[in-house]
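Everything on this sheet refers to the single structure shown next.
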Amino acid sequence: MKPPETTARQVGLLLDMEQNLDEEKYVFSKTRTINGGKEELVRDCLYDLKVSFKSCQTNRVALNTAELYFQPEEYELFLLMLIQHPHPLPSDYRQWLDERADVVCMHLEAIEPPEVFAARLGDTLQYIAQ
1 MKPPETTARQ
11 VGLLLDMEQN
21 LDEEKYVFSK
31 TRTINGGKEE
41 LVRDCLYDLK
51 VSFKSCQTNR
61 VALNTAELYF
71 QPEEYELFLL
81 MLIQHPHPLP
91 SDYRQWLDER
101 ADVVCMHLEA
111 IEPPEVFAAR
121 LGDTLQYIAQ
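Just so you know, we're using my numbering here: the sequence shown kicks off at 1 and counts up by one.
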């Protein structure tokens, strides 16, 4: 079994995010700029994307969470790419949305190896950024 620090380094690389240790939870974050508003009121807003996992168990699975912000059209593409990813979603998976003025906040939770969760999210976020 890999030590949690090794897993955390690998997750940080897969997500291209900075890593922090917060109590027993590894937290990865990145700031993202999203253009919001309507026509003459367009503005840039900064949002913190956060991904975390709580201490790996002996079988290498962990509670993984993510809070991600998208424009509505990006969210639809993200969801499609997430579902079509080579790593299928685990059976213990949940997601929900918060819609905020021109932005969709997507919350994800999954119990699976952190590297698998990060690979799926990292690939999907990279695709959205193109």
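Cβ coordinates follow ideal geometry from the N, Cα and C atoms, glycine included.
Residue(s) in a DSSP beta bridge with residue i
i	result
Asp22	Lys25
His107	Glu67 and Trp96
Ala62	Glu112
Given residue i as reference, the closest of the options once Cα atoms are compared
i	options	result
Glu76	Arg9, Glu23, Leu13 and Tyr127	Tyr127
Asp22	Leu82, Ala8 and Asn59	Ala8
Ala129	Glu24, Met81, Val116 and Phe117	Met81
Ala101	Phe78, Ile34, His87 and Val27	Ile34
For residue j and residue i, believed in contact at Cβ under 8 Å, the rounded distance
i	j	result
Asn64	Pro114	6 Å
Arg94	Tyr69	Incorrect: roughly 18 Å between the Cβ atoms, too far for contact.
Phe53	Val11	7 Å
Lys50	Ala66	7 Å
Reduced DSSP secondary structure (H/G/I, E/B, other) of residue i
i	result
Gln10	helix
Asp98	strand
Val51	strand
Asp16	coil
Pro88	coil
Pro4	helix
Gln126	helix
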